[in-house]
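The listed protein sequences correspond, in order, to chains A and B. When you read off a place in the first sequence, starting at 1, and then add 779, the result is the number in my numbering. When you read off a place in the second sequence, starting at 1, and then add 779, the result is the number in my numbering. To keep things clear, I will list the structure first and then write my remarks on it.
Protein chains: 2
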Amino acid sequence: MAANIKTIAAAAGVSCATVSRALNGQPGVGPRTRRRIERIAREQGYVPDAQAQALVSGRLPFVGLVVPDITNPYFPAIARGAEEAAFELGYSLLLVDTAWRSDRVFRALDLLTSRRVAGLLLSVPMERLERTPDWERLRPSVVMAGQPSPHGSGLGAVEVDDELGGRLVGEHLAACGWRRVGFLAGPREDAATRRRLAGLQAAVDASGGALDLVAVRCGEWTEGWGAEEAGRLLDQVPVDALFAANDLLALGALRAAEARGRTAGGDLAIVGYDDIDAAARCRVPLTTVAQPTREVGREAVRRLVARIENDAPLEDLRLPPNLVVRASSDCLTARKAI
Amino acid sequence: MAANIKTIAAAAGVSCATVSRALNGQPGVGPRTRRRIERIAREQGYVPDAQAQALVSGRLPFVGLVVPDITNPYFPAIARGAEEAAFELGYSLLLVDTAWRSDRVFRALDLLTSRRVAGLLLSVPMERLERTPDWERLRPSVVMAGQPSPHGSGLGAVEVDDELGGRLVGEHLAACGWRRVGFLAGPREDAATRRRLAGLQAAVDASGGALDLVAVRCGEWTEGWGAEEAGRLLDQVPVDALFAANDLLALGALRAAEARGRTAGGDLAIVGYDDIDAAARCRVPLTTVAQPTREVGREAVRRLVARIENDAPLEDLRLPPNLVVRASSDCLTARKAI
DNA sequence: TTACGTCGCGCAAACGTTTCCAGGACCGTG
DNA sequence: CACGGTCCTGGAAACGTTTGCGCGACGTAA
């Protein structure tokens, strides 16, 4: 019942080798036998066994995507792009959710060493792992997707220009006439925190005093922490703009501001980062920085596969983010009213 | 360099067979040789080749999850649960995004016939496929996750009790004193549409005239269509409650209602379904039906693996949804005010 | 007719592991 | 001492495919 290359060979009265060559379109098979073999294969409903093929070719047509939490809407977008590209290239996408646990990251890397996948897309922050993976051996078949490559790893990366994103926000705030800006972010050691802050700082420096960075608060990437810390900030420091380095923080800040009688887009600007679905839907639509996540996923897979198959050299790719202006920071209406 | 079972055997002065038995913890190996082999394996950094194992055992430790759109927040939740369970059971999760195209569904089924995966979780609506897959052959290794099994397929399913969900909504509306309810949903042939409506109808019937179903509108599962159709409905029919069979529709309805000067939770009840992230965050927090999606994913994988490994019989599982009451339908405040 | 090139095809090894079967060492009992 | 049994180990086949090599047949040109 299970259609082998052998059963076909037997039915066609030829050897396995001929069947293999015929079905793979290789030369060295007469046109008549070729047609006969193709017909029989069709009749038997033959599907080549990918495992056996992989055993001899050395790789399965799988690429793994490692994310910290697929429930966070940033990652499905990457997954979507990655899956598209993988499908086009004849690969399937393996999803690994590490649940923010770094031991799971190492389990994911095992997928590579045990040859269960041909390559790996790493989309988890690598800042603090308890031990250092053997990048040397992993390098050819790993690429970072939407995250900077770990220091000294030499891994290729497809990422979004966080510094540019921070700068765009700063310039926008300055252009709208906001002056005293506070910065809210996740852990200080995260690359996203550092780079977005650096971009903001650059805009502040370039503003010639028009913009002032009056507070920097680092903590967690959660809405709860954002609400707490934004509340403290608003109580302690006179600010008229808040740049939260992530939309969840911004949503928290929005809550805290409302609780204190401040109105986003009125006497306070709030800007987020990521452009998650909720950013456009909340009470005051949120100005934010949209990341081309789908392109990140797609390009990362393309580059990975190119290197696996042709070991093409991998140059890094840095994609530009996109400022999305909404009501929470736009003061033009307020100005008109004056 | 590549550590084989052979290189270990050579280094330990034994045969491959002994190495295999030792490393798999099987009996029939002396304790001294066993320790020696384990030590050498560790020294050489040996990792078993999953492909070769799969070739002999007949299956790879992969299960595929087929979703129509990973960007839709309903599916990452399933994926999360599925990944958790798969990880616990020693499997990896393959993600297939069909982008709502039914030819992609068939490509996904090919994963099974070409033995690239051990089993498949189908999480796409199967109502209208252009041809019928060979369920007979697929049955042992496919289970539906969060979707009803296609008519006549005999596939096992882990799903959420949509009829109960609809009934809960109806009962809640009746209990709050709303009377004339309109129903909004996606395509009429979708099982979700039919079942949620049936549940609502049951509650209406049981209300003894307290509740009245005055309009049923079917179309698409999108926010845009929801806004349009809700607008038409509000203009044409006097209703005081809207049950949208999906949160996106409900969000659209919310917009349409506001545009007409109606206030959700005030002179109009709006209830959604799914409890997506945005439901709690929108201008008027939305009453909705939360689905235990994570459990769906988890249970589906558990059952699938149980059947693959022990071919355990698969009885269907129907999980209860959960009504989440928020401001958009709660009229207690309104009553108190009266 | 002979020699040579080309074409079509089969044989067998290889990929890395598991597993069945059998052989040998050793021990205890009769 | 002989015999049976248990325990440890090795040989070899098997999983399904790809691929290098060689062999025979056929055709063409000298």
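For every residue, glycine included, the Cβ atom is placed at its ideal position computed from N, Cα and C.
Who are residue i's beta bridge partners in DSSP?
i	result
GLU938 (chain B)	B:ARG1097
CYS997 (chain B)	B:ALA964
ARG959 (chain A)	A:ASP991
SER1107 (chain B)	SER1107 (chain B) pairs with nothing; no bridge assigned.
ILE1049 (chain A)	A:LEU1021
PHE841 (chain A)	A:SER871
ASP828 (chain A)	Paired residue(s): none; ASP828 (chain A) is not in a bridge.
VAL846 (chain A)	A:ASP876
THR1067 (chain A)	A:VAL1103
GLY898 (chain A)	A:VAL842
MET923 (chain B)	B:LEU901 and B:ALA936
ALA1043 (chain B)	B:LEU1047
For a contact defined as C-beta to C-beta under 9 Å, what are the partners of residue i on chain A?
i	result
ALA1023 (chain B)	The premise fails here: ALA1023 (chain B) is roughly 15 Å from chain A at the closest Cβ pair, so nothing lies under 9 Å.
VAL826 (chain B)	ASP889, THR892, SER893 and ARG894
ARG859 (chain B)	ASP848, ILE849, THR850, ASP876 and ALA878
SER1108 (chain B)	The contacting residues do not exist; SER1108 (chain B) stays about 18 Å from chain A at best.
SER986 (chain B)	Here the premise fails: no neighbours, minimum Cβ distance about 33 Å.
SER881 (chain B)	By Cβ distance, chain A contributes nothing, its closest Cβ being about 15 Å from SER881 (chain B), past 9 Å.
List, in order along the chain, the chain B residues whose C-beta lies closer than 9 Å to that of residue i?
i	result
GLU862 (chain A)	ILE849, LEU874, VAL875, ASP876 and ALA878
PRO852 (chain A)	THR850, PRO852, PRO855 and ASP1056
ASN794 (chain A)	Checking the sequence, you will find Ser at residue 794 (chain A) rather than Asn. Under the 9 Å cutoff, chain B gives no residues; its nearest Cβ is about 21 Å from SER794 (chain A).
Once the 5 residues before and after residue i are set aside, which same chain residues still bring their CB inside 6 Å of it?
i	result
PRO929 (chain A)	MET905
VAL1068 (chain A)	GLY944, TYR1052, PRO1100 and LEU1102
TYR870 (chain A)	PRO840 and VAL842
LEU1013 (chain B)	ARG1039
ALA761 (chain B)	With chain B covering only 780 through 1117, there is no way to say anything about residue 761 (chain B).
LEU899 (chain A)	GLY843, LEU891 and VAL921
ALA1085 (chain A)	ALA1091
THR1066 (chain B)	VAL1050, VAL1104, ARG1105, SER1107 and SER1108
PRO1064 (chain B)	ARG1105 and ALA1106
ARG838 (chain A)	ALA897
Give me the Cβ distance between residue i and residue j, rounded to the nearest whole Å; I'm assuming they're in contact under 8 Å.
i	j	result
ILE1049 (chain A)	SER1108 (chain A)	7 Å
ARG996 (chain A)	LEU963 (chain A)	5 Å
VAL808 (chain B)	ARG800 (chain B)	5 Å
CYS1061 (chain A)	ARG1060 (chain B)	5 Å
GLY824 (chain A)	ALA789 (chain A)	Incorrect: roughly 16 Å between the Cβ atoms, too far for contact.
LEU1093 (chain A)	VAL948 (chain A)	Incorrect: roughly 30 Å between the Cβ atoms, too far for contact.
VAL983 (chain A)	ARG959 (chain A)	With a Cβ gap of about 11 Å, VAL983 (chain A) and ARG959 (chain A) do not count as contacting.
LEU1033 (chain B)	TRP1000 (chain B)	Incorrect: roughly 16 Å between the Cβ atoms, too far for contact.
ARG881 (chain A)	GLU909 (chain A)	Per the sequence shown, the amino acid found at residue 881 (chain A) is Ser instead of Arg. Sure, about 6 Å apart at Cβ, within 8 Å.
THR972 (chain A)	ALA897 (chain A)	That pair is no contact at about 33 Å.
ARG894 (chain B)	ASP1054 (chain A)	Wrong, their Cβ atoms sit about 41 Å apart, outside the cutoff.
ALA887 (chain A)	ALA1079 (chain A)	Actually they do not touch by this definition, with Cβ atoms about 15 Å apart.
Can you pull the chain B neighbours of residue i, defined as C-beta to C-beta under 8 Å?
i	result
SER902 (chain A)	None at all; the shortest Cβ gap to chain B is about 13 Å.
LEU802 (chain A)	The premise fails here: LEU802 (chain A) is roughly 13 Å from chain B at the closest Cβ pair, so nothing lies under 8 Å.
At 7 Å on the CB atoms, spell out the chain A contacts of residue i, in chain order.
i	result
GLN823 (chain B)	Ordered by position in chain A, no residue passes the 7 Å Cβ test against GLN823 (chain B), which lies about 12 Å from the chain.
LEU839 (chain B)	GLN830
ALA833 (chain B)	GLN830
Just to confirm my understanding: we take residue i, look at its own chain, exclude 5 residues before and 5 after, and list those with CB closer than 8 Å. What are they?
i	result
VAL846 (chain A)	PHE854, ILE857, ALA858, LEU874, VAL875, ASP876, THR877, SER902 and VAL903
VAL793 (chain B)	THR812 and ILE816
LYS785 (chain B)	CYS795
ARG1041 (chain B)	LEU1013 and LEU1047
ARG1081 (chain A)	ALA864 and LEU868
ALA970 (chain B)	PRO904, GLU906, GLN926, PRO927 and ASP941
LEU979 (chain A)	GLY945, ARG946, VAL948, GLY949, VAL960, PHE962, LEU992 and PHE1022
GLU1074 (chain B)	GLY860 and LEU1098
VAL798 (chain B)	ILE784, ILE787, ALA788, ALA791, ILE816 and ALA820
VAL1018 (chain B)	ARG959, VAL960, GLY961, VAL993, ALA994, LEU1012 and LEU1047
Identify the contact partners of residue i in chain A, using a Cβ-Cβ distance below 8 Å as the criterion.
i	result
ALA1032 (chain B)	Near ALA1032 (chain B) there are no residues of chain A at all, since even the closest Cβ is about 14 Å away, more than 8 Å.
SER932 (chain B)	Neighbours of SER932 (chain B) on chain A: none; closest Cβ ~19 Å, over 8 Å.
So, at 7 Å on beta carbons, what are the nonlocal neighbours of residue i in its own chain, with the 5 sequence-adjacent residues on each side left out?
i	result
LEU976 (chain B)	GLY945, PHE962, ALA964 and VAL995
Whose Cβ in chain B lies nearer than 7 Å to the Cβ of residue i?
i	result
GLY799 (chain A)	With the sequence shown as reference, residue 799 (chain A) is identified as Ser, and Gly is not the correct amino acid for it. Simply none; closest approach about 15 Å.
(request) Give, in chain order, every residue of the stretch 1060-1071 of chain B whose Cβ lies closer than 8 Å to some Cβ of chain A. (result) If you check each beta-carbon in the stretch 1060-1071 of chain B against every beta-carbon of chain A, the ones closer than 8 Å belong to ARG1060, CYS1061 and ARG1062.
(message) Any C-beta of chain A within less than 9 Å: which residues of the stretch 918-929 of chain B qualify?
(response) From the stretch 918-929 of chain B, no residue has a Cβ closer than 9 Å to chain A.
(message) At a CB distance below 9 Å, what residues from the stretch 970-982 of chain B approach chain A? Give them in sequence order.
(response) So nothing in the stretch comes that close.
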